[in-house]
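Protein chains: 2
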Amino acid sequence: MQAAPLYETLASSIRHLIDSGTIKPGERMVSLREVSQRRSVSLSTAVQAYRMLEAQGLIEARPQSGYFVRRELWAMRKSATGAKSLRPNLKPSKPVSVDVNSLVMELLTAPSSPDVFALGSASPGPELFPGAAINRILGQIIRRRPHDFERYRSGPGSDDLRRELGRRSLDWGLSLGYEEFVITNGSMEALNLAVRAVAKAGDVVAVETPTYFGFLQILESLGLKALHIPCDPQTGLDVGALEAVLERKQGAPRVAALLCCPNISNPTGATMPDEAKARLARLAAKHQLPVIEDDIYGDLYFGARRPKALRAWDTEGWVMLCGSFTKILSPGLRVGWIAGGRFHERIRLLKYTSSISTTVLPQLALAEYLQRGPFDKHLRTLRRTLATNAAQARAIIIRNFPEGTQISQPQGGFVLWLELPKPCDALELYKVARAENISIAPGTLFSAAGECRRNLRVAYGIRLTPAYEKALARVGELARQQMPRVAPPTRGLAVGR
Amino acid sequence: MQAAPLYETLASSIRHLIDSGTIKPGERMVSLREVSQRRSVSLSTAVQAYRMLEAQGLIEARPQSGYFVRRELWAMRKSATGAKSLRPNLKPSKPVSVDVNSLVMELLTAPSSPDVFALGSASPGPELFPGAAINRILGQIIRRRPHDFERYRSGPGSDDLRRELGRRSLDWGLSLGYEEFVITNGSMEALNLAVRAVAKAGDVVAVETPTYFGFLQILESLGLKALHIPCDPQTGLDVGALEAVLERKQGAPRVAALLCCPNISNPTGATMPDEAKARLARLAAKHQLPVIEDDIYGDLYFGARRPKALRAWDTEGWVMLCGSFTKILSPGLRVGWIAGGRFHERIRLLKYTSSISTTVLPQLALAEYLQRGPFDKHLRTLRRTLATNAAQARAIIIRNFPEGTQISQPQGGFVLWLELPKPCDALELYKVARAENISIAPGTLFSAAGECRRNLRVAYGIRLTPAYEKALARVGELARQQMPRVAPPTRGLAVGR
Chain A
1 MQAAPLYETL ASSIRHLIDS GTIKPGERMV SLREVSQRRS VSLSTAVQAY
51 RMLEAQGLIE ARPQSGYFVR RELWAMRKSA TGAKSLRPNL KPSKPVSVDV
101 NSLVMELLTA PSSPDVFALG SASPGPELFP GAAINRILGQ IIRRRPHDFE
151 RYRSGPGSDD LRRELGRRSL DWGLSLGYEE FVITNGSMEA LNLAVRAVAK
201 AGDVVAVETP TYFGFLQILE SLGLKALHIP CDPQTGLDVG ALEAVLERKQ
251 GAPRVAALLC CPNISNPTGA TMPDEAKARL ARLAAKHQLP VIEDDIYGDL
301 YFGARRPKAL RAWDTEGWVM LCGSFTKILS PGLRVGWIAG GRFHERIRLL
351 KYTSSISTTV LPQLALAEYL QRGPFDKHLR TLRRTLATNA AQARAIIIRN
401 FPEGTQISQP QGGFVLWLEL PKPCDALELY KVARAENISI APGTLFSAAG
451 ECRRNLRVAY GIRLTPAYEK ALARVGELAR QQMPRVAPPT RGLAVGR
Chain B
1001 MQAAPLYETL ASSIRHLIDS GTIKPGERMV SLREVSQRRS VSLSTAVQAY
1051 RMLEAQGLIE ARPQSGYFVR RELWAMRKSA TGAKSLRPNL KPSKPVSVDV
1101 NSLVMELLTA PSSPDVFALG SASPGPELFP GAAINRILGQ IIRRRPHDFE
1151 RYRSGPGSDD LRRELGRRSL DWGLSLGYEE FVITNGSMEA LNLAVRAVAK
1201 AGDVVAVETP TYFGFLQILE SLGLKALHIP CDPQTGLDVG ALEAVLERKQ
1251 GAPRVAALLC CPNISNPTGA TMPDEAKARL ARLAAKHQLP VIEDDIYGDL
1301 YFGARRPKAL RAWDTEGWVM LCGSFTKILS PGLRVGWIAG GRFHERIRLL
1351 KYTSSISTTV LPQLALAEYL QRGPFDKHLR TLRRTLATNA AQARAIIIRN
1401 FPEGTQISQP QGGFVLWLEL PKPCDALELY KVARAENISI APGTLFSAAG
1451 ECRRNLRVAY GIRLTPAYEK ALARVGELAR QQMPRVAPPT RGLAVGR
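Top line first, the protein sequences correspond to chains A and B.
If you read the first sequence in our numbering, its first letter stands for residue 1, the second for the next number, and so on.
If you read the second sequence in our numbering, its first letter stands for residue 1001, the second for the next number, and so on.
Next comes the structure, spelled out in structure tokens:
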């Protein structure tokens, strides 16, 4: 585990002042010298911190005048601090059968031409990842250690890779042994194994709302019902609402498991504060509730330090922690993992009966990359790029989308969650944009209860080229066309009528 | 599709004469010259055919006297032609809940030291496969086409590989389009997807008996019940017995699907004759019965030509054909496939919700190897090695196992199925052998109904070293120790007592 550089910590704490509205859009920032004195850091650290905030689109330098909080943030502020407006007005729902598969498959796996600009997909661009370094390692393993991957193997996965995961788990607030992990075919398999370990067809599984549509697809394919728990776009899952359900208030059904993303939830980018995680872990232990924690975005935080895994507060093994390298290191190799806690043996068996084992070659390459690095450096660069992209994407949205559009303030990751003003319809927007070869993810994908009709998810996990800006601006324009036209001021012709 | 060399066809037809007892153990073979004249082939073709039969352990040359059918075959004959004795005496069972997982996991996935000699595992040895050629291709793809595998992809798999499968399907008696395939993480995932596409918890699935324990594990993990259909060790599934079940005679339950291995079934090595496949396909269509066909051993036939897939007789898409490269080309890369017929779309969706997609890099390497070969040559060599190994392994068994041991006559593949004489107990044998670092697969693994207690499976898909012979001979010795000791003839001391 490597401590964040000082300037990042400094930038993050200043960012907090901006986020919370303590320093307002348009206001002048304190001078670099003053920062240096008040925070007891060198001037160059202060400069680096301001440059980082500038790169993130939060502040701007004005010649001869110093740094200012960007005025455009005002529009963002409204959405970021007016969190309620972004929260779908949902109480814990009744359990609903899930029926998102057909829509998702139509949207995401339809044969897509390379001409389609995929704004909605949360697939990060390969240009953000150290592909060349990993490929070099792959080549070396193939030449030097073919006996290590050619043979048929069953079992939970490469010991080398599991040891590296054990070491990395310190960053998650844990210290897991290598034998606590099972390597999977991406996190999707990990989530499937976890759900199957604790729930059977007809059972009710609690999920956040809005939530990753993959969660909903898993529930649908296994014949499970979804119970939506409200989720704040900043602080994530409403633990109180979950507690009421677990205490079976107002005829709430028995919940077989909770499937959630406490760190940088998809699509909102919310991260649960430590106290909420602690409370959730206590609740799980009290009610013997299996919790499936998807932590695939945890390393992509924009704050000062990595948010801990919910599992860090779990003393009794109720939390099954799932992760993947897909979003942080290698989109193509499809290697994920699960540390199943008290369900580990059951998961190991289900992995065997589902796909025997995971291809070894990619595991060996990732293990070597983690050993030889520079993984931490890569992650820092990636986070910086994503933070900058987030600010740029928001700026494009503010300039081009209808007035009243709300934008999430993600705490990391690479997606924004928007809510369009009435009477916009995101599914319609999807259709007209798709006709122009631009693909977005409409909000209805993210709720089994059929909510989120005015929401959409926009990804920024690629290089933000002029073509990106053009495509996103065009979506904004198409959204504006859904707004009622204000009648032009009457003149000339109207006289006498 | 490449025709078999003439000498292979010739050897195969002669083999049939031996197998059927037309030429008996100990009998002299007709001379090479006579074969050449009667079959209108060159003398060198006749020589090659006899050498192949010799390599397979069926005939032997005696100096100055010509070729003879090996006497040791007499013992094998008894088992091979006395097929009934090898058939578990089972009528179609009542549906039974499956409970093999814990035993399988104990046997097959327990931490095993490299010192353990794995006689029971059907994992082929890497020395039988063109690992070097595939690794060269892997290296080339990594250097030259990184953009083809680095990116995150969803969807049914590499078009290149699916096109190659389409071409190969001619060998299976089919002509499948590339879009009919979904690439999976080995055939285990393919089988899971197929079962999940047509059956839900509580349903009854018909399986052969004895059957591959992986089938039983899938059923157990999905909460399905198994209905055992008798299976002849030569001709496979008893279609008449299945028909009686489908016609709901004697209160037979509704069957949601049939899971079977028509070509070179595991563990018996049985292959269904064409007529039986045709009848089964008609039956499936009549009763709208989804059939999951596992064809992973089809290319490893010992006969003159590849047995066709059951799917070749399926005109209405009821047969989901599953296969893999694990047993024929690359044990380590874990690439399988499924051609789901009328269930294709459902399977495509289940693949997506289970693991999104299969790692692309191994797919590209296999596709290139199939294009550039020499795949057919490799398969011929592999089949020849396996046929020779089968004969050698049988000879070791005949020399070392208790009198009365029955041995299967596999039609291909790399396992033998034994039935020990009473009162042997294969599970006990497993335990004592395991204590000596030799691992076998006891028969109880292969039946959910708890049958096959005197059976075991022995694999020969590795290089048959002296260590192999020693291990297998030792298992025979341990089995002999399970037999009641015949009291030595009374002499001396017994007088007067």
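We put the CB at the ideal spot given by N, CA and C, even for glycine.
Note that the structure is a prediction, hence the values are computed from the model and not measured.
Beta carbon proximity, residue i to chain A, threshold 8 Å
i: Leu-1350 of chain B; result: yes
i: Asn-1192 of chain B; result: yes
i: Pro-1267 of chain B; result: no
i: Glu-1060 of chain B; result: no
i: Ala-1080 of chain B; result: In this predicted model, Ala-1080 of chain B has a pLDDT of only 40, less than 50, meaning its place in the structure is not dependable enough to derive any value.
i: Pro-1262 of chain B; result: no
Proximity below 8 Å, CB of residue i to CB of residue j
i: Val-1098 of chain B; j: Leu-1219 of chain B; result: yes
i: Leu-1242 of chain B; j: Ala-1206 of chain B; result: yes
i: Pro-362 of chain A; j: Leu-386 of chain A; result: no
i: Ile-1264 of chain B; j: Pro-1410 of chain B; result: yes
i: Ile-1396 of chain B; j: Ala-1473 of chain B; result: yes
i: Ala-312 of chain A; j: Leu-174 of chain A; result: yes
i: Ala-393 of chain A; j: Val-458 of chain A; result: yes
i: Val-245 of chain A; j: Ala-252 of chain A; result: yes
i: Val-1182 of chain B; j: Lys-1431 of chain B; result: no
i: Tyr-1301 of chain B; j: Arg-1383 of chain B; result: yes
i: Arg-1454 of chain B; j: Lys-1422 of chain B; result: yes
i: Asp-171 of chain A; j: Arg-380 of chain A; result: no
i: Ala-226 of chain A; j: Leu-216 of chain A; result: yes
8 Å Cβ cutoff, residue i in contact with chain B
i: Ser-36 of chain A; result: no
i: Phe-68 of chain A; result: no
i: Gly-323 of chain A; result: no
i: Phe-213 of chain A; result: no
i: Arg-497 of chain A; result: Residue confidence is low: Arg-497 of chain A scores 38 on pLDDT, short of 50, so the model does not pin down where it sits. Its coordinate-derived value is still stated next. Answer no: the Cβ-Cβ gap between Arg-497 of chain A and chain B never drops below 8 Å.
i: Gly-332 of chain A; result: yes
i: Tyr-468 of chain A; result: no
i: Ser-123 of chain A; result: yes
i: Thr-444 of chain A; result: no
i: Lys-377 of chain A; result: no
i: Asn-483 of chain A; result: Contrary to the premise, residue 483 of chain A reads as Met rather than Asn in this sequence. Not one chain B Cβ lies under 8 Å of Met-483 of chain A.
i: Phe-149 of chain A; result: yes
i: Ala-201 of chain A; result: yes
i: Pro-290 of chain A; result: no
Residue from the options with nearest C-alpha to residue i
i: Arg-1144 of chain B; options: A:Arg-151, A:His-147, A:Gly-131 and A:Leu-174; result: A:Gly-131
i: Ile-1347 of chain B; options: B:Glu-1164, B:Ala-1194 and B:Leu-1170; result: B:Ala-1194
i: Ala-118 of chain A; options: A:Leu-191, A:Asn-389, A:Tyr-460 and A:Glu-477; result: A:Tyr-460
i: Asn-1400 of chain B; options: B:Gly-1202, B:Ala-1471 and B:Gly-1340; result: B:Ala-1471
i: Ser-40 of chain A; options: A:Asp-232, A:Val-458, A:Tyr-7 and A:Lys-94; result: A:Tyr-7
i: Ser-36 of chain A; options: A:Glu-27, A:Arg-28, A:Val-47 and A:Gly-26; result: A:Val-47
i: Ser-13 of chain A; options: A:Gly-303, A:Tyr-67 and A:Leu-176; result: A:Gly-303
i: Ala-1448 of chain B; options: B:Thr-1211, B:Pro-1025 and B:Ile-1023; result: B:Thr-1211
i: His-147 of chain A; options: B:Pro-1025, B:Phe-1129 and B:Pro-1290; result: B:Phe-1129
i: Val-360 of chain A; options: B:Lys-1094, B:Ser-1330 and B:Glu-1477; result: B:Ser-1330
i: Thr-353 of chain A; options: A:Pro-402, A:Pro-156, A:Pro-267 and A:Ser-187; result: A:Pro-156
i: Leu-224 of chain A; options: A:Arg-480, A:Ala-61, A:Val-100 and A:Glu-345; result: A:Val-100
i: Ala-1441 of chain B; options: B:Lys-1327, B:Thr-1381, B:Thr-1326 and B:Thr-1268; result: B:Thr-1268
i: Thr-184 of chain A; options: A:Glu-428, A:Arg-480, A:Thr-358 and A:Phe-446; result: A:Thr-358
Would you list, in chain order, the members of the region 1338-1369 of chain B that have their beta-carbon closer than 8 Å to a beta-carbon of chain A?
-> Arg-1348, Leu-1349, Leu-1350, Tyr-1352, Thr-1353, Ser-1354, Ser-1355, Ile-1356, Ser-1357, Thr-1358, Thr-1359, Val-1360, Leu-1361 and Pro-1362
Cβ-based contacts, 9 Å cut-off: residues of the region 128-145 of chain A near chain B | Phe-129, Gly-131, Ala-132, Ile-134, Asn-135, Arg-136, Leu-138, Gly-139, Ile-142 and Arg-143
Mind the definition here: the region 1245-1261 of chain B touches the region 1276-1295 of chain B only if three or more C-beta pairs lie below 8 Å; say whether that holds.
-> yes
Decide if the region 154-165 of chain A is in contact with the region 355-370 of chain A; the criterion is three or more beta carbon pairs, one per stretch, under 8 Å apart.
-> yes
Selection of the region 175-186 of chain A by Cβ proximity to chain B, strictly under 7 Å = Asn-185 and Gly-186
Pull out every residue of the region 1211-1245 of chain B whose Cβ sits closer than 7 Å to any Cβ of chain A, in chain order.
-> Gln-1217, Ile-1218, Ser-1221 and Gly-1223
Does the count of Cβ pairs from the region 1412-1430 of chain B and the region 1053-1067 of chain B closer than 8 Å reach three?
-> no
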